[in-house]
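Single-structure report; data block below.
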Amino acid sequence: MSSPMKSLAKETFFYGVGSVLPKLLSWLLSLYWAFALPRISDIGVLTNFYAWVALLQVILTYGMETGFFRYANKEKDPVRVFSTTFLSIATTTSLFFVLAFLFLKPLAFALGGTAMKPHYLLLLVIILCVDVLGAIPFANLRFKKRPVRFAMIKIINVVLTILLNLFFFLACPLLQSMFPDAFSWFDLNKGVDYILISNLAASVIQLLLVSPELR
0 MSSPMKSLAK
10 ETFFYGVGSV
20 LPKLLSWLLS
30 LYWAFALPRI
40 SDIGVLTNFY
50 AWVALLQVIL
60 TYGMETGFFR
70 YANKEKDPVR
80 VFSTTFLSIA
90 TTTSLFFVLA
100 FLFLKPLAFA
110 LGGTAMKPHY
120 LLLLVIILCV
130 DVLGAIPFAN
140 LRFKKRPVRF
150 AMIKIINVVL
160 TILLNLFFFL
170 ACPLLQSMFP
180 DAFSWFDLNK
190 GVDYILISNL
200 AASVIQLLLV
210 SPELR
């Protein structure tokens, strides 16, 4: 196999792994929630939440990843293209966060009724903004043809999410039974909170790992 073909095969493999494996693991995690959450209605709440996140993520990136690839390949200074694209995304994402924060309560009710507590929405908005800020740095990894790093960061994100979920739903109940005073803060009925906190922590770590692309 020629060198260009080997390079293409390598990139295809790692980008595929970096995209498909996290989705598979996330799907398995959603099945686990059905057993871990004390209320089956929480599954519907989470499904509604993440459906909104997926939609808003598409809106907030508004095709800038594709635009970055197009102009980075044409321009003599791809660094300038990256800076301009990221600044655009960062500006609109910051504006979205401010507006969402100002209208948190009415937005929460409009999106999910009484099931959407304002602090749920706040966590979701932060998760969404963090993930959107990482979109262009990830696109830059692909532009630089660094598929291994791309895949590793994506996989670390979902593995960390799973580990944090296991900590809250498996380890914490056990530790609470052994050390009730130290783990008096834990309440299994707050399962949705713990899932969102796990997601937020993993998203922040993911952004930190991809942040060297901002230099």
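With the first letter of the sequence shown counted as 1, position 128 gets the number 127 in numbering that gives the first Met the number 0; the numbers rise by one all the way through. We treat Cβ as the ideally placed atom computed from N, Cα and C, and that holds for glycine.
- Between residue 88 and residue 135, the CB-CB gap stays under 8 Å.
- Around the CB of residue 43, fewer than 16 other CB atoms lie within 10 Å, so the residue is classed as exposed.
- Nearest C-alpha to residue 199 among 35, 173, 85 and 119: 119.
- Taken in chain order, the whole alpha helix (DSSP H) runs of length 4 or more contained in the segment 119 to 195 are 134 to 142, 146 to 165 and 171 to 177.
- Contact annotation, residue 142 with residue 71: C-beta distance approximately 5 Å; criterion of less than 8 Å satisfied.
- Closest in C-alpha terms to residue 169, from the list 100, 148 and 194, comes 194.
- Remark: C-beta atoms of residue 150 and residue 124 do not approach each other more closely than 8 Å.
- Collapsing the DSSP output to three states places residue 21 in a helix.
- For residue 62, the three-state secondary structure derived from DSSP is coil.
- Sequence-distant partners of residue 77 (beyond 5 residues in either direction) whose C-beta falls short of 6 Å from its own C-beta, in its chain, are 71.
- For residue 97 and residue 48, the gap between their C-alpha atoms comes out near 19 Å.
- Short of 7 Å from the beta carbon of residue 208, and not among the five residues preceding or following it, lie these beta carbons of its own chain, in chain order: 152 and 155.
- Taken in chain order, the whole alpha helix (DSSP H) runs of length 4 or more contained in the segment 21 to 109 are 40 to 60, 63 to 73 and 77 to 101.
- The C-beta distance from residue 45 to residue 191 rounds to 6 Å, short enough to meet the 8 Å contact threshold.
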